[in-house]
Amino acid sequence: MNKIINPLLSMENPQSTARKLIPILIASSVRRCQISGVLCRLTISLKFFCDSNPKSVRISISDTGIGSSLVEFQELEVERLGVSDKWDGMISVTTTGINDKEIHHYRLNLNASKTKLKRLPPTEKNCGTFSGTEVGLSTLEEDKADELMAWVVHFIQKMLVLKDENVAIELVAEHIDGQHSRRDHLLQQNDDNSLPISSSCIERLASGLENYVLKHGNIVEENCQTCAAKREHLKVGTGQASNTGNGKSAGHIVDVAIVIATMSSEQCCWRANSSVTQVLYFQDFSLASISDSSLSALISVNWQNYGLKLKSNFVDKDSHAVLEWDNIPLFSHIDIAIHSYNKVTTLQSRQKTAAERALIKKAVKNAMDDLKAKDTGLFLSSNALKVRQYVPELSRAIAGLITSSNDWDFQSECASLLGLDSDEADQEEIVESCIRDKIVGIIEINDRKVKGERGTAPCLFESESLYEEEEYPDEDCDGLEEEDFSVLDDF
2 MNKIINPLLS MENPQSTARK LIPILIASSV RRCQISGVLC RLTISLKFFC
52 DSNPKSVRIS ISDTGIGSSL VEFQELEVER LGVSDKWDGM ISVTTTGIND
102 KEIHHYRLNL NASKTKLKRL PPTEKNCGTF SGTEVGLSTL EEDKADELMA
152 WVVHFIQKML VLKDENVAIE LVAEHIDGQH SRRDHLLQQN DDNSLPISSS
202 CIERLASGLE NYVLKHGNIV EENCQTCAAK REHLKVGTGQ ASNTGNGKSA
252 GHIVDVAIVI ATMSSEQCCW RANSSVTQVL YFQDFSLASI SDSSLSALIS
302 VNWQNYGLKL KSNFVDKDSH AVLEWDNIPL FSHIDIAIHS YNKVTTLQSR
352 QKTAAERALI KKAVKNAMDD LKAKDTGLFL SSNALKVRQY VPELSRAIAG
402 LITSSNDWDF QSECASLLGL DSDEADQEEI VESCIRDKIV GIIEINDRKV
452 KGERGTAPCL FESESLYEEE EYPDEDCDGL EEEDFSVLDD F
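Straight run, no breaks: the sequence shown in the working numbering ends on number 492.
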């Protein structure tokens, strides 16, 4: 069961050494694979020594990307990783480049005060041309074996949301007890929505998030028939923002995918709390901890522009942003994935720039606008929802004026303007329904406009084709103001 962790509880139950190191080492492997520019294999191996006292686990992360320059490991901080009696701070690194004639071995001691890196005797290559890196460490078992394996599986399943075509991931667990051992391949990559090779990163992100949503966040192997029986039941919006300037942050791109899952009235076994959204944050093609600035960007989005209100926000024990909504109209659950990356990947971790906050905010807004454009009744602003409350009474009053008139020519002309037959002009229920739909349509159209364009509301009796094809520029929108009531002033 996937549950949201209270931030206070996360302080009482800090992450184990393994859970801190595995994401960092995987991120380094992914960067090496991305730089190689070819299809790579990334293998995560967990070897549990069940007969040792105390029990220990050997963690190994290997890839077939470019060889490591070791610069990337200089960023590891002892305090953040928690070097203690559970882990001595030792990391082994085996690496080789495509043009190297030898395989290089190193031992890195993060707990040392002076010399942290020790070069060990190399091994001569004797089986062709290849490149790759393996990083390993041993730690005492802070988590139970099944708990750690479940956590790693769920972490990798989140990684698969990216659908990175450059990296094939393998997860292996081995249990060693005396003379006996058992080896299990834990990861099953079943994709029921394959994409062409030419698909963009944002298309892959959206498709991967759909898979994630359909399978309870990939906690179970089969699609949940209660959450969303079919992919067609999902509403998907995407947004992108990029920095194309000449500064240090040029080439920085942020992709955002948002999926709305409309569920049945039955209680779902996973999404018991549908008002909570756990945001998946990726950096440079790897699942990462969300930064304070990125969380701030999420919070600063004008959610009321989409009829939403944030009730609370925090970071859970896995360093994911969690948003809790005060109201969820028309649907049951929101899933958000953010991918922040540079066009050129380097071995060193990318430094977060001030521009990233603005890009995340813009990309999220673009994704929400995309959802709103695809379904005009979805995500109306808070002010538009207030205006719409007057529609039933207003449409009833106008229909009453038309149907109660003794002037047949007047009724016939009104029916023609409304798109009704002449013999329907005196049927109040039909006239009222038609007027109500048109007013609601005008409100929804006006809500998609930017503030400067809202001076004149569309005419109630104007042909819908005249404004259905309008396109509105993508600018910030602060919600409806007094001019939004201009639709009511015409009557």
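Ideal Cβ placement from N, Cα and C applies to all residues, glycine included.
Model, not experiment: these values are computed from the prediction.
Excluding the 5 residues preceding and the 5 following V257 in the sequence, name in chain order all residues of the same chain whose CB lies nearer than 6 Å to its CB. G240, I339, A364, V365 and A368
Give the straight-line distance between the Cα atoms of W304 and A298, rounded to the nearest whole angstrom. 12 Å
Distance, Cα to Cα, Q35 vs A356? 23 Å
Using the three-state DSSP reduction, which class does G179 fall into: helix, strand or coil? coil
Who pairs with R59 in a beta bridge, going by DSSP? K48 and S139
CA-to-CA distance, W409 to V392, given in whole angstroms: 26 Å
Can you have a look at C128 and say buried or exposed, based on whether 16 or more other CB atoms are within 10 angstroms of its CB? exposed
Quick one: any contact between the segment 162–172 and the segment 131–138, if contact means 3 or more CB pairs under 8 Å? no
Name the residue from F156, I157, I62 and R20 whose alpha carbon lies nearest to the alpha carbon of D144. R20
So, with DSSP's three-state summary, where would you put H321? coil
Looking at the strands, I want to know which residues DSSP matches up with G238. I259
Euclidean distance between Cα positions of I99 and R33: 12 Å
Pick out whichever of I198, V168 and S320 has its Cα sitting closest to the Cα of C41. V168
Could you tell me whether the segment 313–324 touches the segment 378–390, where touching means 3 or more Cβ pairs closer than 8 Å? no
Could you check whether I440 and S396 sit closer than 8 Å to each other, using their CB atoms as the reference points? yes
Taking the alpha carbon of G401 as the reference point, which residue from V214, E433, K236 and S417 has its own alpha carbon closest? E433
Residue from R108, T130, K373 and S29 whose Cα sits closest to the Cα of P122: R108
Rounded to a whole number of angstroms, what is the C-alpha to C-alpha distance between L43 and W88? 24 Å
Own chain, CB closer than 8 Å to E175, minus 5 neighbours either side, in chain order: S46, L47, K48, F49, S182, R183, R184 and D185
From which residue to which residue does the alpha helix (DSSP H) around K493 run? Outside the shown range of the chain, which is 2 to 492, sits residue 493, and nothing can be said about it.
Contact check, S37 vs E73, beta carbons under 8 Å: no
Going by beta-carbon coordinates alone, are L77 and I27 separated by less than 8 Å? no
Contact check, Y307 vs F380, beta carbons under 8 Å: yes
Report the partner residues of L196 according to the DSSP bridge assignment. L196 is not bridged to any residue.
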